[in-house]
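Chains as they are written, first to last, in this note's numbering: chain A, 2 to 421; chain B, 388 to 673.
Backbone N, C-alpha and C define an ideal beta-carbon position, used for all residues, glycine too.
Everything numeric in this text was worked out from a predicted model, so none of it was measured.
Okay, here's the thing in structure tokens:
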């Protein structure tokens, strides 16, 4: 071998060494990834956008060097699986199998988002307990806290962000405002016939009855219903002043169109998913003017009076484009940060240590101040002290104006022009 | 209730008409009906919003494309399965699922997928305000029925349709090619399905899951009316349409689908071929 050949060989060996040694050296510094499992009904808009928010949070954290576990910086890795539990007709057992598949194949250290439907979350709580899987979930049934409270030791791995009871709380405040400002006392309730929305409907019905409101009717529609004329006719005939809708199905936009077409002289105030995002005005036009909607968490709508919500909203729209859903993205984004903070405090990924640290969470997020009580986000009226939902009204020119809570309100509730 | 029962019935009839025409002529139960319905809506939305074509051209293209896909489905898949009814059902159902789930995986989810109404506004009919789009649906349904009647009674191809519908082997003896007519029936049924989507979908947003609901509702209407009978479809649509509105008005809106399916069961118990169907009676006579 000549001198020239030796030099070439030395160069090749050097290049190969450098090529392969750099990633290994990085891996030693970075450590293995911390896997966040995301088992949910990802083809549904809300879950899909929440999944994007989780990825956004992970990207931001990784860009800052990852998560410090003891003395090792470790990157976050998001592993999602499609459970289809939010799609009609999909058996619960299929969703449970998908969750278990994620646990066995991807071996996540914690779960964020979780199943879409409440019924599946309640079943998954046992799976979380079996696998000792810390999880921060979204499905909203009040039965979550009930089940957790029955056996806190077993279900200590389960946390949850939003509870339907809080939505009831916000809606009751809106009704109080409507009563005070306009003297409204007659309401018609119309909900989607699924667990979370009927829970809100039932809660509101109880509140109305206790507060001398006259409930003129209470209709439940199966998912996929596309004609709401009977409800609107009954509401009009009964002289309802407020229609309280609770829907997350795509066809519920028809309800609002029919409301406007049929000139029903009642204010629409509740929760309708298709009207939630900033694009709804371009989709439905001025037919949605005057509708009052609840965004279940700040951050899914930017707030002038609470900067972290705007910061998240802008980061999300910059990364993924316009947000359309009114619940899930911001809370899941915050949950990743809460989880990471808990891991760093625990200095370990041991599920029991991690759970104890998640319980101690007290941080400012895009949804407001994040704290847990009975493994559930606490919601209140001031984002500086608790998480908040935001009630807004669609006003002229497609503006979403926050009207409640007062701490972040940017305007007052107005009757739509065609009702005056 | 009378006004909205009527409107609801026309919407159901329009939804089911394509399915009934295809089955009536070719005896193919097109379970891809729901997939074609949503595809028609999405194609129109795409041509309208993304390509920027005028509404009538976007709609025309969507109708033709879905019709061609229906014809191709017959030419490529169903022609090999002729006579194997269960296989035909499974094959068409698979095509429908592939269309719907492909659209879903392509990202067609969300609330911005909506066709604009043709004319905005509402009118007062007997003291009830009705959106103009619903009246347009009634108009389109009526025009379609008249056009179909003229076509099958006064054109050569239309008469060939009727010939194959009555007895395809006899039609063959007089020079009508049943396979060609069946292909055309798949084209026509799919195109009508797409047209119905274009006029009905502006009422709400385009959701992939609605494809499955449309199939179930169309099936219910056709089975109650008699699978091969266009008159039966219209009568059945009115039976179900009014039953749904009556249920929502006086019993419970959550039971509308239950009532639809229960009505179907009761009618099948009394008349196994449906209200205007003949197949079971003929079979029993033979």
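Check	Outcome
Which listed residue (552(B), 526(B), 398(B) and 619(B)) has its alpha carbon closest to that of residue 571(B)	552(B)
Residues within the segment 633-649 of chain B neighbouring chain A, beta-carbon criterion of under 8 Å	635, 636, 639, 640, 641, 643 and 644
Listed by chain order, chain A residues near residue 516(B) by CB distance under 7 Å	262, 263 and 264
Residue 632(B) and residue 395(B) closer than 7 Å at C-beta	yes
CB contact check: residue 202(A) to chain B, cutoff 7 Å	no
Residue 171(A) beta carbon less than 7 Å from that of residue 339(A)	no
Residue 95(A), enclosing alpha helix (DSSP H) - first and last residue	93-107
Any beta strand (DSSP E) of 3 or more consecutive residues that is wholly inside the segment 27-77 of chain A	35-41, 68-70 and 73-75
Interface flag, residue 564(B) vs chain A, CB-CB below 7 Å	no
Residue 41(A) at chain B interface by Cβ criterion, 7 Å	no
Against chain B: residues of the segment 273-285 of chain A by CB proximity under 9 Å	274, 275, 276, 277, 278, 280, 281, 283, 284 and 285
Every unbroken alpha helix (DSSP H) inside the segment 417-469 of chain B [4 residues or more]	420-432 and 442-459
Residue of 233(A), 147(A), 260(A) and 328(A) minimising C-alpha distance to residue 272(A)	328(A)
Complete runs of the alpha helix (DSSP H) confined to the segment 241-329 of chain A [at least 4 residues]	254-262, 281-285 and 308-321
Three or more C-beta pairs below 8 Å linking the segment 231-244 of chain A and the segment 315-325 of chain A	no
Span of the alpha helix (DSSP H) around residue 530(B)	519-541
Proximity test, Cβ basis, 7 Å: residue 400(B) and chain A	no
Neighbour flag for residue 230(A) against chain B, beta carbons, 7 Å	yes
For residue 403(A), three-class secondary structure by DSSP	strand
Buried/exposed call for residue 659(B), threshold 16 Cβ in 10 Å	exposed
Under 7 Å by beta carbon: chain A residues contacting residue 491(B)	44
Minimum Cβ-Cβ distance from residue 331(A) to chain B less than 7 Å	no
For residue 204(A) and residue 222(A), the rounded distance between their alpha carbons	17 Å
Cβ distance (whole Å) where residue 663(B) is taken to contact residue 619(B) below 8 Å	3 Å
Residue 93(A) versus residue 136(A): straight-line alpha-carbon distance, rounded	19 Å
The segment 492-504 of chain B: positions lying closer than 7 Å to chain A by Cβ	496, 497, 498, 499 and 501
Near-chain B residues of the segment 200-226 of chain A - C-beta to any C-beta below 9 Å	220, 221, 222, 223, 224, 225 and 226
Segments of 4+ residues assigned as alpha helix (DSSP H) that fall wholly inside the segment 171-220 of chain A	196-211
Whole-angstrom C-beta distance between residue 341(A) and residue 62(A), which should lie under 8 Å	6 Å
Rounded C-alpha distance that separates residue 266(A) from residue 420(A)	6 Å
Contacts that residue 82(A) makes with chain B (C-beta to C-beta distance below 9 Å)	Near residue 82(A) there are no residues of chain B at all, since even the closest Cβ is about 15 Å away, more than 9 Å.
Near-chain B residues of the segment 312-337 of chain A - C-beta to any C-beta below 7 Å	325
Whether residue 421(B) touches residue 602(B) by CB criterion (7 Å)	yes
Alpha-carbon to alpha-carbon, residue 577(B) and residue 451(B)	9 Å
For residue 381(A), the nearest candidate out of 126(A), 116(A), 109(A) and 174(A) (CA to CA)	174(A)
Any C-beta of chain A under 7 Å from that of residue 391(B)	yes
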